[in-house]
Amino acid sequence: MKKLYYSTLFLLAGLGLAAQDDILLSENFQSDPTAGWAIYPSGDDQVWMILDEDGQPANGNDPVEQNWYWAELYFAHDTSETQYGLHSLSWMADPSVQNMNWLVTPPLEIVDDQAVLHWSSAPYQLPRYMDGYKVLVSTSTNEPVSFTDTVFIAAEMTAILGAGGATIDLDSFEFSDGYFHGNMLTDTAYFEVSADSTICDGYMEPHSVSLADYAGQTIYIAFLHDSFDDNILSLDDIMVTGNLEASATNARTAENYRFVTYPNPAVRQLNVLYRLPEAAEVSLQIVDMQGRTVQAVLSGSDQAAREYQYPVRVGDLQPGNYLTVLTVNGNQVVKPFVKQ
């Protein structure tokens, strides 16, 4: 026992243990959570709220839904078990109507500048009829008029130029401002080209934004699906990490990378999220408390500047304490977790 204690102590000292984030909010949609949600804002709802502000019927999709709805993800990376998410339609019966579907979190107390919002999203198809959306913040109520801060915009297709609809050539379309899914069709992890090269299927792509500007405030976060006459938007894995109590210091090694692991304890799968502000060489390992690598997820991989998400299978590990070690250009940060 003494040998294990000292080896663990030296291991943590050498790797630079990162402080553990609290999970302020988490919803992975693997079971249907919508039964207890509000469908109209009261201003101070303490539960999730979904609002069909436009009130207009959708077109002939299956299922035909006006508001956000829970269902299986249309395209998922992880096929080991069925993956579910939340979806919204913008293909309206009247194409001149702008879809306005709101998904609003319960209130969140942001105590310091360490809070980060994480989520994944995908348009059903792109570039033709690619859905866009906005992420907004309110510091007062959960009513639409209160969401005056925009923290993220996803671009949508706004026009087809000429007869260029059946193509993936971006010059054949016009798009709104904002982040273009799959980094302008350059990151193949988040889309798949159809066999006839006329369209792409959208796969879930992780995103994150800092909530540091809201330190000391209670906020609501809204996902507004506001596309005109496109198709379907999917959301999954919405999570806010941070501190339940104000941190003693803002100097946090993991902050630059928005490095998050969950759940803890883990049984079958550990989800690892991080963000690279610039291109880097990355390694990702699971290490036991003797410092032995028990699983190498990445080994010296050259990665571009973007968000990354890895579902790490830990079901075969023996129960006990482990470390997730992220190495970026030689700089190591660590998150401990318990395998049950």
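Numbered per this note's numbering, the sequence shown spans residues 3 to 342. Where is the CB? At the ideal position from N, CA and C, for every residue including glycine. Source: prediction; values computed, not measured.
Check	Outcome
Do L272 and V262 have their C-beta atoms within less than 8 Å of each other?	no
So, are the CB atoms of I288 and T329 less than 8 Å apart?	no
Mind checking which residues open and close the beta strand (DSSP E) that includes G322?	G322 to V330
Buried or exposed: which applies to R130, given that a residue is buried once 16 or more other Cβ atoms fall within 10 Å of its Cβ?	buried
Spell out a yes or no on whether the segment 180–188 and the segment 157–172 are touching, meaning 3 or more CB-CB pairs, one atom from each, closer than 8 Å.	yes
Are three or more beta carbon pairs between the segment 200–218 and the segment 98–107 nearer than 8 Å?	no
Which ranges does the beta strand (DSSP E) cover as unbroken runs of at least 3 residues, wholly within the segment 265–339, from first to last along the chain?	271–277, 282–290, 295–305, 309–315 and 322–330
Between the Cα of A306 and those of N331, V314 and Q297, spot the shortest distance and give me the residue it belongs to.	N331
For the segment 124–204, list the alpha helix (DSSP H) runs that are entirely contained and at least 4 residues long, ordered along the chain.	183–187
Please classify S123: is it buried, with 16 or more other beta-carbons within 10 angstroms of its beta-carbon, or exposed?	buried
How would you call N69, buried or exposed, if buried means at least 16 neighbouring beta carbons within 10 angstroms?	buried
Quick one: Cα of Y126 to Cα of P97, how far?	18 Å
Would you list the residues sitting across from A40 in a DSSP beta bridge?	M51
Using a Cβ-Cβ cut-off of 7 Å (strictly less than) and excluding sequence neighbours within five positions of D318, which residues of its own chain qualify?	none
Quick check on the DSSP output: the beta strand (DSSP E) that includes D231 runs from which residue to which?	Per DSSP, D231 belongs to no beta strand (DSSP E) and is neither H nor E.
Consult DSSP for A60 and reduce its assignment to one of helix, strand or coil.	strand
Hey, quick one: how far does the beta strand (DSSP E) through A73 stretch, first residue to last?	Y71 to E74
Hey, could you find the ends of the beta strand (DSSP E) V211 is sitting in?	E207 to S212
From which residue to which residue does the beta strand (DSSP E) around Q219 run?	Q219 to H227
Roughly how many angstroms separate the alpha carbons of A268 and D171, rounded to a whole number?	43 Å
In the DSSP output, which residue or residues are listed as bridge partners for S90?	L235
Suppose you measure from the CA of A321 to the CA of F339; what does that come to, to the nearest Å?	In the sequence on display, residue 321 carries Pro and not Ala. So the two alpha carbons sit approximately 11 Å from each other.
Identify, in the order they occur along the chain, each residue of the same chain with its Cβ nearer than 6 Å to the Cβ of S140, setting aside the five sequence neighbours on each side.	S148, F149 and Y222
In this structure, does DSSP put M3 in helix, strand or coil?	Residue placement at M3 is poorly supported in this model, since its pLDDT is 31, which falls under 50; the coordinates still yield a value, given next. Looking at M3 - three-state DSSP - the assignment turns out to be coil, as it is neither helix nor strand.
Have a look at I41 and L105 and give me their C-alpha separation to the nearest angstrom.	9 Å
Quick one: measure Cβ to Cβ for T200 and L26, integer angstroms, because I've assumed they're closer than 8 Å.	Going by Cβ atoms, the distance from T200 to L26 rounds to 42 Å, so no, they are not a contact pair.
Give every residue of the same chain whose Cβ lies closer than 7 Å to the Cβ of E67, excluding the five residues on either side of it in the sequence, and list them in chain order.	A60 and L91
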